[in-house]
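Here's the structure we're looking at; comments come further down.
Protein chains: 6
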Amino acid sequence: MPMVTIQVTREGSTPDRKSVTAAEKAALIKGVSQLLLDVLNKPLDATFVVIEEVEMENWGVGGLPVEAYRKLKAQ
Amino acid sequence: MPMVTIQVTREGSTPDRKSVTAAEKAALIKGVSQLLLDVLNKPLDATFVVIEEVEMENWGVGGLPVEAYRKLKAQ
Amino acid sequence: MPMVTIQVTREGSTPDRKSVTAAEKAALIKGVSQLLLDVLNKPLDATFVVIEEVEMENWGVGGLPVEAYRKLKAQ
Amino acid sequence: MPMVTIQVTREGSTPDRKSVTAAEKAALIKGVSQLLLDVLNKPLDATFVVIEEVEMENWGVGGLPVEAYRKLKAQ
Amino acid sequence: MPMVTIQVTREGSTPDRKSVTAAEKAALIKGVSQLLLDVLNKPLDATFVVIEEVEMENWGVGGLPVEAYRKLKAQ
Amino acid sequence: MPMVTIQVTREGSTPDRKSVTAAEKAALIKGVSQLLLDVLNKPLDATFVVIEEVEMENWGVGGLPVEAYRKLKAQ
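So the sequences go chain by chain: G, B, C, P, X and U. Its first residue numbered 250, the first sequence is counted upward by one per residue in the numbering used here. Its first residue numbered 250, the second sequence is counted upward by one per residue in the numbering used here. Its first residue numbered 250, the third sequence is counted upward by one per residue in the numbering used here. Its first residue numbered 250, the fourth sequence is counted upward by one per residue in the numbering used here. Its first residue numbered 250, the fifth sequence is counted upward by one per residue in the numbering used here. Its first residue numbered 250, the sixth sequence is counted upward by one per residue in the numbering used here.
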């Protein structure tokens with residue numbers, strides 16, 4: 250009875266997208282549920298998946314909000 | 250000093266409702282805090298409760314987003 | 250499809266116990282699943298519950314580990 | 250490779266503010282990342298921080314939603 | 250910068266195993282990190298994965314500890 | 250009423266230590282509680298902190314368990 254939580258920043262996977270699409274979310278749910286079936290023999294029905302989209306300003310890395318961190322690394 | 254997290258899909262408890270109501274949230278907070286007092290002798294003041302409402306498309310079960318899963322099961 | 254996480258300190262509910270008992274855990278699982286059925290009409294089968302026992306030295310409140318905090322408050 | 254989750258109620262730090270500001274979030278990210286460097290020698294780059302703002306009606310303490318609890322305590 | 254948490258019951262994937270093996274954990278980490286690269290273009294280096302093994306008596310479903318639930322369903 | 254969760258790998262902060270010490274945990278609890286007081290005016294008493302130590306083989310980054318990842322990076 251696995252429970253999977255996927256936290257990602259709320260942004261698009263390509264520059265023309267503003268957020269994760271419903272199709273991408275469905276692909277994450279399908280992929281990770283299949284992975285738990287393949288690796289641990291967990292039936293698909295027994296796996297719950299929750300996707301949490303986190304606002305960019307609420308995500309930090311390197312001691313900075315993620316956008317400031319990326320700008321610094323891109324320099 | 251218990252900490253309880255309740256994650257539910259963002260939908261109403263009856264067809265005419267679109268989301269969990271404030272009264273329902275208060276009932277969850279009261280009920281689970283009382284449960285921790287009854288079972289583990291935890292004072293009400295010592296229990297924190299956080300309710301997280303998860304968008305339907307962000308919740309997966311059976312390898313599918315929850316709405317697609319329910320449709321499949323209803324067939 | 251609710252998911253409930255209950256975090257408690259790893260200690261007994263009475264002085265002669267060292268930890269939460271299996272019967273107490275079962276009572277928490279039963280009680281919170283029933284609460285979600287009563288308040289939000291969630292079927293028992295759709296609710297997952299995870300209990301996390303946290304070592305006393307890993308739990309803080311009031312800027313102190315919980316045992317130090319309780320001693321301070323008891324003075 | 251630490252992961253820090255900070256959950257706070259969605260409210261301002263002073264009466265004239267409605268929510269946590271971007272500057273306050275940056276200060277939380279900076280401060281907690283520095284703390285993990287100072288105490289555990291974790292490099293800044295290795296620490297992820299996620300801030301979760303929780304609606305007031307979704308946070309409970311003392312068996313009540315937090316606003317009702319504060320009113321009761323203020324009496 | 251995704252963060253994935255995988256919670257599973259502490260039990261083996263086959264009857265002769267008592268717990269998830271290190272090789273199975275590595276397969277979960279590899280698979281879910283690859284999934285986030287494939288679906289959302291997240292670089293492997295940017296994804297953190299945490300696996301949490303939960304004691305059987307700490308996991309509930311259907312209002313019962315998971316072992317009691319499975320026995321009931323197997324009848 | 251903030252809730253802070255700090256997840257770290259279960260290892261020492263220096264080569265001669267096997268795990269995080271009680272003094273280091275107390276320093277994390279004190280530091281992050283003070284941070285929330287300084288930045289958001291949250292009273293010390295209102296902040297809960299939970300430290301979760303995660304086994305090395307249960308933590309992944311770069312598609313690998315963390316020890317394999319560090320060896321690769323050290324080459």
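All C-beta atoms, glycine included, are put in the ideal place defined by N, C-alpha and C. Just so it is clear, the structure is predicted and the values come from calculations on it, not from any experiment.
Quick one: Cα of residue i to Cα of residue j, how far?
i, j, result
"C:Thr296", "X:Asn307", "14 Å"
"B:Leu321", "B:Leu293", "42 Å"
"C:Ala317", "U:Ala271", "12 Å"
"C:Ile300", "X:Met305", "10 Å"
"C:Arg319", "B:Met250", "11 Å"
"C:Glu273", "U:Val298", "24 Å"
"G:Ala276", "G:Asn290", "20 Å"
"P:Gly280", "X:Leu313", "42 Å"
"X:Val315", "P:Pro264", "47 Å"
"P:Ala323", "U:Gln256", "35 Å"
"P:Lys267", "P:Thr258", "11 Å"
"G:Pro278", "P:Val288", "One point to set straight first is that residue 278 of chain G is Ile, not Pro, in the sequence displayed. The alpha-carbon atoms of G:Ile278 and P:Val288 are separated by roughly 37 Å."
"B:Gln311", "B:Glu260", "A small fix is needed here, since residue 311 of chain B is Gly in this sequence, not Gln. Spanning the two alpha carbons is a distance of roughly 19 Å."
"P:Leu284", "C:Leu286", "43 Å"
Strictly under 8 Å for the Cβ-Cβ distance: is residue i near chain B by that measure?
i, result
"C:Leu277", "yes"
Could you check whether the Cβ of residue i sits closer than 8 Å to any Cβ belonging to chain U?
i, result
"B:Val299", "yes"
"X:Gln283", "yes"
Could you confirm whether any beta carbon from chain G is found closer than 8 Å to the beta carbon of residue i?
i, result
"X:Ser268", "no"
"B:Val257", "no"
Using a C-beta cutoff of 8 Å, does residue i count as contacting chain C?
i, result
"G:Met305", "no"
"B:Glu273", "yes"
"X:Gly309", "yes"
"X:Leu313", "yes"
"U:Asp265", "no"
"B:Pro292", "no"
With residue i and residue j assumed to form a contact (beta carbons below 8 Å), what rounded beta-carbon distance in angstroms separates them?
i, j, result
"B:Gly309", "G:Ser282", "7 Å"
"P:Val269", "P:Glu302", "6 Å"
For residue i, decide whether its Cβ has a neighbour in chain P, counting only Cβ atoms nearer than 8 Å.
i, result
"B:Asp211", "A question about residue 211 of chain B goes unanswered here, because the residues of chain B that appear run from 250 up to 324."
Does residue i come within less than 8 Å of chain A when only Cβ atoms are used?
i, result
"B:Ala323", "The chain labelled as chain A is not found among the protein chains of the depicted structure, namely G, B, C, P, X and U."
**Request:** Would you list, in sequence order, the uninterrupted beta strand (DSSP E) runs of no fewer than 3 residues that lie entirely inside the region 252 to 316 of chain U?
**Result:** Inside the region 252 to 316 of chain U, DSSP marks whole beta strand (DSSP E) runs of 3 or more residues at positions 252 to 258, 297 to 303 and 308 to 310, from first to last along the chain.
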